[in-house]
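Read the structure below first, then the notes.
8 protein chains.
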Amino acid sequence: VTEFTIDWKREQRTGIAEAVLCAGKRPDQIAAILVRATEARQRLFLTRLDPAQLAALPDQLTEVLDYDPHSRTAILGESKPPTRTGDILIVTAGTSDLAVAQEASRTLFFNGLEVPIIADVGVAGLWRLIERLEELRAGRIIIAVAGMEAALFSVLAGLVAAPVIAVPSSVGYGVAAGGQVALNAALASCAPGVLTVNIDNGFGAAVAALKCLRAASPRLE
Amino acid sequence: VTEFTIDWKREQRTGIAEAVLCAGKRPDQIAAILVRATEARQRLFLTRLDPAQLAALPDQLTEVLDYDPHSRTAILGESKPPTRTGDILIVTAGTSDLAVAQEASRTLFFNGLEVPIIADVGVAGLWRLIERLEELRAGRIIIAVAGMEAALFSVLAGLVAAPVIAVPSSVGYGVAAGGQVALNAALASCAPGVLTVNIDNGFGAAVAALKCLRAASPRLE
Amino acid sequence: VTEFTIDWKREQRTGIAEAVLCAGKRPDQIAAILVRATEARQRLFLTRLDPAQLAALPDQLTEVLDYDPHSRTAILGESKPPTRTGDILIVTAGTSDLAVAQEASRTLFFNGLEVPIIADVGVAGLWRLIERLEELRAGRIIIAVAGMEAALFSVLAGLVAAPVIAVPSSVGYGVAAGGQVALNAALASCAPGVLTVNIDNGFGAAVAALKCLRAASPRLE
Amino acid sequence: VTEFTIDWKREQRTGIAEAVLCAGKRPDQIAAILVRATEARQRLFLTRLDPAQLAALPDQLTEVLDYDPHSRTAILGESKPPTRTGDILIVTAGTSDLAVAQEASRTLFFNGLEVPIIADVGVAGLWRLIERLEELRAGRIIIAVAGMEAALFSVLAGLVAAPVIAVPSSVGYGVAAGGQVALNAALASCAPGVLTVNIDNGFGAAVAALKCLRAASPRLE
Amino acid sequence: VTEFTIDWKREQRTGIAEAVLCAGKRPDQIAAILVRATEARQRLFLTRLDPAQLAALPDQLTEVLDYDPHSRTAILGESKPPTRTGDILIVTAGTSDLAVAQEASRTLFFNGLEVPIIADVGVAGLWRLIERLEELRAGRIIIAVAGMEAALFSVLAGLVAAPVIAVPSSVGYGVAAGGQVALNAALASCAPGVLTVNIDNGFGAAVAALKCLRAASPRLE
Amino acid sequence: VTEFTIDWKREQRTGIAEAVLCAGKRPDQIAAILVRATEARQRLFLTRLDPAQLAALPDQLTEVLDYDPHSRTAILGESKPPTRTGDILIVTAGTSDLAVAQEASRTLFFNGLEVPIIADVGVAGLWRLIERLEELRAGRIIIAVAGMEAALFSVLAGLVAAPVIAVPSSVGYGVAAGGQVALNAALASCAPGVLTVNIDNGFGAAVAALKCLRAASPRLE
Amino acid sequence: VTEFTIDWKREQRTGIAEAVLCAGKRPDQIAAILVRATEARQRLFLTRLDPAQLAALPDQLTEVLDYDPHSRTAILGESKPPTRTGDILIVTAGTSDLAVAQEASRTLFFNGLEVPIIADVGVAGLWRLIERLEELRAGRIIIAVAGMEAALFSVLAGLVAAPVIAVPSSVGYGVAAGGQVALNAALASCAPGVLTVNIDNGFGAAVAALKCLRAASPRLE
Amino acid sequence: VTEFTIDWKREQRTGIAEAVLCAGKRPDQIAAILVRATEARQRLFLTRLDPAQLAALPDQLTEVLDYDPHSRTAILGESKPPTRTGDILIVTAGTSDLAVAQEASRTLFFNGLEVPIIADVGVAGLWRLIERLEELRAGRIIIAVAGMEAALFSVLAGLVAAPVIAVPSSVGYGVAAGGQVALNAALASCAPGVLTVNIDNGFGAAVAALKCLRAASPRLE
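Structure, rendered in structure tokens:
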């Protein structure tokens with residue numbers, strides 16, 4: 016059995032390079048994918064690669080990976096210097112939401128953009144958000160990450176003209192455990208312009224933000 | 016079978032007069048309770064008395080009831096003029112949340128207080144809340160009603176010193192239908208000081224607000 | 016009690032005019048909002064206005080409303096001729112998803128855009144989608160509506176470069192009843208670039224699509 | 016990236032000092048917050064700080080923390096001797112609910128109050144509760160913690176005039192696992208005057224109790 | 016197609032005569048079952064026969080049925096005078112729980128027992144229960160029906176030696192709607208000796224009570 | 016907008032003619048589909064066509080439809096006399112499950128097969144099933160429909176060599192309401208060989224049974 | 016704080032001696048309870064005492080405990096030789112359900128009864144159950160434990176006159192994980208006479224069985 | 016207590032040899048079953064035997080087992096060389112779904128068939144599926160395994176004439192965690208001919224596929 020079929024044409028077809036979700040894959044499967052990509056001289060972005068999986072890879076592979084433990088992402092292949100931009104902004108409600116925000120940030124970095132993270136501006140202390148309002152209003156697309164303080168999505172979308180891509184995070188306890196409450200808060204929001212991705216899906220939010228930004232440029236195909 | 020056992024001593028024991036939840040009761044059961052109360056010369060508060068139930072009661076009972084169709088509440092017995100107070104405030108996120116707010120307001124009225132309702136200050140248009148901030152900060156206890164815009168609970172609790180009693184309302188569609196999302200948003204809120212009651216339970220919120228207010232006065236027993 | 020506080024500044028602040036969700040509002044509340052808007056010479060978009068609510072409005076109000084029974088939306092005020100565009104496309108998996116698609120279409124119409132609806136291209140008969148692929152690839156932003164055939168979201172997002180705004184519809188029975196399965200399918204999709212809104216929220220999808228499109232233009236404020 | 020924005024003004028604004036939820040935070044993030052607080056000469060209350068996180072902090076920080084392993088809370092900064100009071104009471108249904116009760120107790124201690132815990136008075140052995148009734152009736156506000164024996168909330172609220180703040184605990188197995196059953200029992204309670212917070216949220220219950228007590232005093236701002 | 020296969024031997028095999036759940040059956044199906052039973056000279060107990068179904072039956076069938084609209088049960092065939100007994104007791108928390116209690120009572124009546132119903136002794140007013148304690152302690156098996164005040168199950172089981180068969184009722188609103196909260200409260204109860212049946216299943220509780228009572232008598236087969 | 020795109024090639028591609036789910040469609044949409052099929056000289060099978068929808072169709076369409084009110088199905092176009100066969104059997108646990116069984120039966124009839132229905136053989140009276148065992152063992156594929164007595168799926172699959180296609184029905188009350196319990200019972204069954212379709216999906220079960228039967232014959236394409 | 020209040024009078028009041036649920040308790044809390052019981056010369060039954068908790072107890076306590084690792088129960092104090100009886104029977108659907116069955120068996124042993132366990136008679140192989148039918152019919156009360164093969168509850172209740180106490184077990188995967196499917200199957204069962212306890216609650220089932228058995232004997236008080 | 020009752024006649028009765036689900040069983044229970052099978056000279060298939068359970072078996076047993084760590088299955092007894100066939104095909108959406116596919120593959124191998132696995136053809140890159148279409152259309156029965164990309168089930172069933180047995184896998188995060196979303200997507204699929212088994216139940220899918228294939232052959236009994 017050939018255990019995987021990488022979609023090398025995805026970048027050409029959809030404008031975003033192939034990425035590999037490592038959760039649920041055995042280290043030998045991940046290693047085989049990396050070898051294949053190396054042979055095909057393809058850059059690759061890996062998400063949810065936990066330290067134990069990384070440690071189980073052959074040394075020659077771990078050496079060439081650019082691994083970030085906070086976001087649990089890895090990049091295979093050269094990164095050209097990314098462009099700094101404030102067109103996309105990443106905002107988090109709490110410190111605990113940063114890991115997800117960093118997955119989004121690394122995804123954008125892999126795709127050539129370096130964007131600011133505005134951290135810990137949850138609405139329980141509204142002034143923290145209000146103080147950054149000018150900066151927030153300058154963004155064209157905002158990625159917002161929140162778990163227990165999902166009220167951020169509604170408040171933000173009512174304050175800015177940009178679309179808000181909500182990333183519910185699984186931070187929280189009790190009814191909030193697992194992120195479903197934050198997800199539903201994003202979906203139920205009265206403030207139009209809120210778009211949602213799966214819980215903890217910083218990668219998906221970043222890709223969608225890129226696609227939205229490109230929606231305004233001449234088409235790829 | 017005697018079908019009910021009214022707790023006439025409740026007011027004496029807990030400071031709040033007996034109330035009757037009419038949902039799920041047959042008109043003849045409600046009528047019998049009203050007759051019993053009349054005979055015992057007891058005042059009574061009825062909640063969730065829908066128009067069809069009211070219409071099925073004998074005329075001599077409907078005539079002596081003070082019925083409010085918006086909140087679907089009725090009062091049996093004399094009301095002395097209530098005291099106006101800003102100690103308790105009722106706030107709603109949207110116009111659709113008013114019916115629940117009015118159940119709270121009528122409950123307080125039955126217990127001798129007339130309190131203001133600050134309507135339609137949902138956080139999707141944050142300025143509506145900010146404009147009323149001084150008024151809100153003057154309240155000792157705030158009852159907040161919200162369905163789709165449950166972010167109001169968190170934002171409010173971060174802005175005022177008073178405890179916020181959150182009443183999730185069942186207004187909404189999709190994931191918000193039934194009020195569970197608003198309920199969970201209230202419970203998961205990071206802003207400490209938010210207390211929650213059952214969905215659409217304006218009555219319970221009002222009673223709890225009264226008990227909190229009295230917690231500061233000399234005890235009843 | 017003043018029962019509502021319309022956010023007339025919303026258009027200025029977020030680029031999208033105020034809309035009113037009629038579900039859960041009494042006819043007299045809707046009428047009062049319409050009167051207020053008329054006095055303020057403001058255009059207004061009403062969603063989820065069901066025929067019974069419409070019939071209960073005073074005649075002089077229903078006469079000036081442009082009401083569409085399929086999408087249950089109404090427009091108050093003059094509409095200038097909308098611009099035809101293929102930048103935004105609306106796609107439905109089945110015929111039953113059309114009502115939601117039309118809510119999106121009417122929202123865009125109210126905001127000045129006339130966009131095509133590509134109906135009934137669910138993936139159970141994949142050729143129906145493949146036949147329209149060129150047309151679909153020409154869109155900058157795609158709104159996709161699906162209930163039982165939510166596989167459409169994933170397949171579509173893998174075929175086009177544009178971001179796909181998924182609107183789960185509540186069409187379906189058994190496990191699919193209520194739209195939660197379609198919603199989760201959208202969220203769990205492996206194809207990056209899928210963004211989700213609440214079940215049946217054609218309005219929200221259209222507003223978000225507009226905001227994404229405008230993300231490329233000079234900012235409003 | 017600055018990873019956190021402490022709300023030093025919260026105490027001034029809402030009467031309760033800032034607290035930090037440690038669950039979901041990395042040790043280096045917690046350490047940085049502690050350093051910042053020390054520099055700003057601010058007292059700080061930490062919740063859900065588990066022993067592994069504590070052990071990973073630099074020694075100079077652990078030495079100055081007053082850590083309680085049962086409630087997993089820590090206090091940074093001087094505590095002046097707290098006032099003993101019976102105005103707030105903490106009650107638990109079972110021994111297993113004590114950890115949550117102690118989180119509430121420590122929160123009150125940090126805010127200057129020392130309150131009694133009445134443990135293991137679940138209603139399956141009703142006499143245990145009845146025996147303490149006089150003591151319970153003397154409280155102005157009661158915090159009740161229960162997991163499997165959530166009937167305590169209803170019974171208690173029917174016996175006392177004080178508001179009951181219910182804290183559902185995640186103790187239990189089968190349907191009771193996770194605390195959702197206890198939570199719903201609190202919300203569904205017929206006995207008015209029951210207010211609810213998130214599962215295991217002893218901290219939130221204590222803060223709300225404080226706010227209720229202060230509702231009677233001259234306002235802060 | 017023969018649309019049904021009545022289990023005439025059930026009484027012989029399990030000690031309880033066949034009963035027919037009418038919910039979900041068409042009137043012509045119910046009529047055919049009644050005709051068959053009449054021909055076979057079998058007594059029959061019908062549950063959840065709503066007035067509309069009854070009205071659609073042929074007159075000669077409705078005339079011979081002993082129909083009780085409150086419990087929506089009907090008896091076909093002669094009833095010998097039932098034996099009065101206090102061995103089984105039926106208790107309800109509220110007036111709204113009576114319909115379910117009456118389904119249990121009628122099931123016992125059909126099987127030859129007349130048992131007392133002790134109504135409206137919910138624990139929010141504990142004295143109502145305490146006052147009847149002697150009577151309750153005299154029962155060998157107790158059927159307890161409760162919806163919003165499901166705390167009754169735990170409290171009762173801690174006060175009496177008899178097994179308590181809990182029937183959660185679907186009375187209630189918000190989180191309590193549908194009876195799931197009452198069901199879970201029964202299952203999670205710490206007071207051992209609580210046994211549970213399906214929501215609103217007064218019939219099943221009565222049959223089980225009979226079976227328990229008979230467990231002590233000489234076996235049937 | 017063209018509101019539908021019928022998949023006329025489905026029969027050629029998958030061996031099963033196109034069917035139309037009428038639930039959620041407006042009468043004018045259903046009428047248009049029927050007109051299109053008539054023009055294309057295509058036979059068509061309609062499911063979940065409720066009497067109100069039927070009554071709203073133009074007379075010339077209702078006249079040519081072969082409508083069955085119990086299964087709410089309709090056939091457009093000539094039916095050649097179907098082949099009687101015992102290769103597929105339909106079994107129901109209760110009388111209330113018959114409507115779903117008849118949807119399956121009509122689907123097979125439309126596709127040229129007339130199969131027996133063995134009704135009301137639920138396992139609460141096991142002898143009813145045991146008596147028909149020889150007949151059941153003669154089937155090659157068994158469609159079993161059950162709501163409250165979903166134990167039928169497991170028991171049946173342990174007794175016969177044929178695969179069992181389980182159709183959970185939405186008959187039932189309390190926890191069983193809506194069919195989710197029956198569905199899960201089918202999925203959790205220990206008896207291998209049980210395959211499941213959506214709740215109430217008699218149509219899908221019949222189509223799958225046909226496909227399984229054909230799996231043994233020379234291929235279609 | 017005194018952390019527990021043992022209900023020494025429970026045996027006198029309800030006929031069943033106090034038991035201690037160890038899950039969620041710290042070893043020092045368990046130890047203190049054991050010391051207290053020893054001092055009071057009270058026998059005690061401990062459930063859900065896992066090996067790690069046992070190992071953390073002081074040696075002098077573990078030495079006097081009669082610990083059974085399979086059921087994770089322990090007995091403190093002398094056991095007089097139990098009476099063998101077939102009045103209560105314990106039945107399991109699978110081998111994996113034995114741990115729960117043994118909790119029930121040990122509970123009965125502590126209360127003076129030794130009862131047979133009939134293991135692994137799930138209905139997927141119906142003959143295994145049929146072969147034991149005579150033995151099963153001789154029981155007065157049957158405790159049945161099942162996880163994935165919860166069909167056992169329905170089938171059994173249709174075959175015997177005794178009441179069946181269903182104990183859903185948390186054995187299983189996929190939809191069956193956690194035992195909720197087995198629980199719902201027990202509750203939805205059409206076969207009357209099925210009574211249910213919480214998932215994995217072998218202890219509760221045994222106590223209830225004892226109470227049912229005693230319901231036929233002269234009362235305790 | 017004899018702890019298990021193996022169903023040696025199952026193969027004769029249903030055409031599929033007995034298999035043992037090891038999850039939830041203690042090593043000594045598994046060992047006893049293996050010893051019994053060896054003594055009875057019966058072949059046996061073990062599923063969900065995790066490495067820790069295997070390691071705890073006596074050496075003489077592990078030596079005679081053919082263990083596959085990826086699928087966590089073991090075979091006891093001789094395997095005759097299996098027949099290669101394309102009548103059954105196994106398809107996976109992603110690499111992470113392979114473990115479940117291999118459980119199916121091993122089950123078929125134990126029953127004498129060797130079938131191809133077509134891996135990683137999820138519809139997010141539709142060309143991967145289209146490229147293999149001819150191969151897929153040659154299968155008589157298709158087993159499809161998918162977790163996050165459950166759209167595969169619908170798309171596949173619309174492209175082939177064979178019945179599709181959907182195996183939802185528990186791969187995924189956020190809303191997809193645990194496999195419930197994939198399961199519901201399979202059940203809600205509009206493409207008729209999709210049949211579903213429990214989450215991760217590769218074994219059940221393989222057995223059902225065998226039964227379907229045999230439905231065409233002369234019966235076993």
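Chains as they are written, first to last, in this note's numbering: chain A, 16 to 236; chain B, 16 to 236; chain C, 16 to 236; chain D, 16 to 236; chain E, 16 to 236; chain F, 16 to 236; chain G, 16 to 236; chain H, 16 to 236. Even for Gly, the Cβ is constructed at its ideal location relative to N, Cα and C.
Excluding the five sequence neighbours on either side, which residues of its own chain have a C-beta within less than 6 Å of the C-beta of residue i, listed in chain order?
i      : result
A200/G : A165
A119/E : I105, I158, G217, A220, A221
Could you give the DSSP three-state label for residue i: helix, strand or coil?
i      : result
T53/F  : helix
L174/H : helix
F19/F  : coil
P66/B  : helix
T29/E  : helix
P42/G  : helix
When you compare only the Cα positions, how much space is there between residue i and residue j?
i      : j      : result
A34/D  : W23/D  : 10 Å
T77/C  : R41/C  : 15 Å
A206/E : L64/H  : 38 Å
F60/E  : T88/C  : 51 Å
F10/E  : R28/E  : What is shown of chain E runs 16 to 236, which leaves residue 10/E out entirely.
A191/C : L202/H : 8 Å
A116/F : V209/F : 17 Å
In chain order, what residues of the same chain have a beta carbon less than 7 Å from the beta carbon of residue i, not counting five sequence neighbours either side?
i      : result
R147/E : I133, V136
Enumerate in chain order the residues of its own chain whose CB-to-CB distance from residue i is below 8 Å, with the five nearest sequence positions on each side excluded.
i      : result
A223/H : I180, L210, V212
Proximal residues, the segment 182-208 of chain H versus chain A, C-beta separation under 9 Å: S184, S185, V186, G187, Y188, G189, V190, A191, A192
Contacting positions in the segment 113-133 of chain A - beta carbon closer than 9 Å to chain D: L113, A114, A116, Q117, S120, P131, I132, I133
Short-range partners of chain E found in the segment 209-223 of chain F, where Cβ spacing is below 9 Å: none
Residues within the segment 157-179 of chain E neighbouring chain D, beta-carbon criterion of under 9 Å: G162, M163, E164, A165, A166, L167, F168, S169, V170, A172, G173, L174
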